[in-house]
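Below is one structure; the comments refer to it alone.
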Amino acid sequence: MERTDVVILVNSTPAYYYILPLFFTMLRRYAPELKWPVYLATEEMEHEVCKEVKDVHGVKLLTLDRTESGFFESRLAALRVLKERYTYVFPLQDDFLLEMPMNGAAFKAVLEAMDQSPVIVSARCMPCPGPKIPGTCFKELPGWKPLVQKMDTLGFVFQATLWRTAACCEWYERISTVLERVCPKKTSTAAERKHVEISANIAENTIGQTEFWNWSAEKKYGHIAWDRLGSWKNAVYLSPFPYRPTAIVRGELEPWAKELMEREL
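In terms of our numbering, the sequence shown is residues -18 to 246.
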């Protein structure tokens, strides 16, 4: 799937560089048809792991200033650069480990739908959670449903989502403004901001969701998501991008991810 207007963005930080070789190994193995450019946005470009993923996996490096290393700040800094170059962005977290082949047909179909419908600014590719609206999926876009504020408590999630780059950048601008309002840099410690941003997860909690839906209404933006095709836990694998979320929890590699790393690297 060779398109020059789509980019994959991975943000990482030195504390988690150890997972990058595994992340990119699995990405290249199970999503070989994604011929899009892949960017790693981070602070230490001279680190041996950054050089490795560049040389071995063809990853482009996007240098971030150390003042832009916060969770929102790092993503916003990268998006500000990429929105000038790419129409669409597929942001992925470095601990989203792809474990099965991607569904290329689903990606192709949703990109074509977004090309034709500018109102659609995001398409969630991991049904965690899936859309809550009952009934069948879009007739012209099998597998996908709209996200609806009255039914979908979680309009925004950090799960793998294909975005219009400009809209994604707008959203991070917006939620960064909310973070600053709730926890101003001038009067808050780094630990306090990190707690609000990550531990309290302001983007996905009630504050963030209210902001997300208000922003979407103001801009008349629409969001769609892949339907969850079963209630069992592993039903998330029946999706366009079947990865296992959250290989790192509270700074520690999960046991299943350790086993995967030992087996695959």
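Backbone N, C-alpha and C fix where the C-beta goes; we use that ideal spot for every residue, glycine too.
Between which two residues does the beta strand (DSSP E) carrying residue 71 extend?
Note, residue 71: beta strand (DSSP E), 69 to 74.
At what residues does the alpha helix (DSSP H) containing residue 143 begin and finish?
Where residue 143 is concerned, there is no enclosing alpha helix (DSSP H), although the beta strand (DSSP E) it sits in stretches over 142 to 145.
Helix, strand or coil, according to DSSP, for residue 170 in the structure here?
Residue 170: coil per DSSP, three-state reduction.
Taking 8 Å as the cut-off, does the segment 150 to 168 touch the segment 54 to 73 (at least 3 CB pairs, one atom from each stretch)?
Flag = yes, the segment 54 to 73 and the segment 150 to 168 touch.
Just checking my contact of residue 149 with residue 208 at CB under 8 Å: how many whole Å lie between their CB atoms?
Incorrect: roughly 22 Å between the Cβ atoms, too far for contact.
Any beta carbon of chain D sitting closer than 7 Å to that of residue 153?
Going by chain labels, chain D is absent from the structure shown, which holds only one protein chain.
Which complete beta strand (DSSP E) runs does the segment 70 to 142 hold, if anything under 3 residues is left out?
The qualifying runs are 101 to 105 and 125 to 127.
Of all the options 176, 123, 226 and 18, which has the alpha carbon lying nearest to the alpha carbon of residue 67?
For the residues 176, 123, 226 and 18, the minimum Cα distance to residue 67 belongs to 18.
Name the one or two DSSP bridge partners that residue 41 has.
According to DSSP, residue 41 bridges with 20.
I'd like to check one pair, residue 102 with residue 202: are the Cβ atoms closer than 7 Å?
Yes, the Cβ-Cβ distance between residue 202 and residue 102 is below 7 Å.
Can you give, in chain order, each stretch of the beta strand (DSSP E) that sits fully within the segment 182 to 227 and has at least 3 residues?
203 to 207, all fully within the segment 182 to 227.
Mark residue -15 as exposed unless 16 or more other C-beta atoms lie within 10 angstroms of its C-beta, in which case mark it buried.
Under this definition residue -15 is an exposed residue.
Does the beta-carbon distance from residue 141 to residue 73 come in below 7 Å?
Yes, they are a contact pair.
Note down the Cα distance separating residue 244 from residue 213, rounded to an integer number of angstroms.
If you take the alpha carbons of residue 244 and residue 213, they lie about 26 Å apart.
Where DSSP assigns a beta bridge to residue -12, which residues make up the other side?
Paired residues: 70.
Tell me the DSSP bridge mates of residue 230?
In the DSSP output, where bridge partners are listed per residue, residue 230 has 233.
Take residue -8 as the anchor and find which of 97, 147, 128 and 46 has the nearest alpha-carbon.
Closest by alpha carbon: 46.
Whether or not the segment 182 to 199 and the segment 85 to 98 are in contact is what I'm after, with contact meaning three or more pairs of Cβ atoms, one per stretch, closer than 8 Å; do they touch?
Touching, no.
Alpha carbons only, please: which of 236, 205 and 238 is nearest the one belonging to residue 132?
Checked all of 236, 205 and 238; the closest Cα to residue 132 is 205.
Let's test the definition: count the other Cβ atoms within 10 Å of the Cβ of residue 166 and tell me whether it reaches 16, buried, or not, exposed.
Residue 166 comes out exposed.
Does the distance from the CB of residue 106 to the CB of residue 2 come in under 7 Å?
Contact: no.
Short check: CB of residue 12 to CB of residue 83, under 7 Å?
In this structure, residue 83 lies closer than 7 Å to residue 12 by Cβ.
Is DSSP giving residue -5 helix, strand or coil here?
Looking at residue -5 - three-state DSSP - the assignment turns out to be helix.
Alpha carbon to alpha carbon, how far is residue 114 from residue 104?
When rounded, the distance between both Cα atoms is 15 Å.
Between which two residues does the alpha helix (DSSP H) containing residue 63 stretch?
That run of the alpha helix (DSSP H) goes 52 to 63.
Please report the Cβ distance between residue 63 and residue 70, rounded to the nearest whole angstrom; I am assuming they are in contact, meaning their Cβ atoms lie under 8 Å.
So it is a contact: roughly 6 Å between Cβ atoms.
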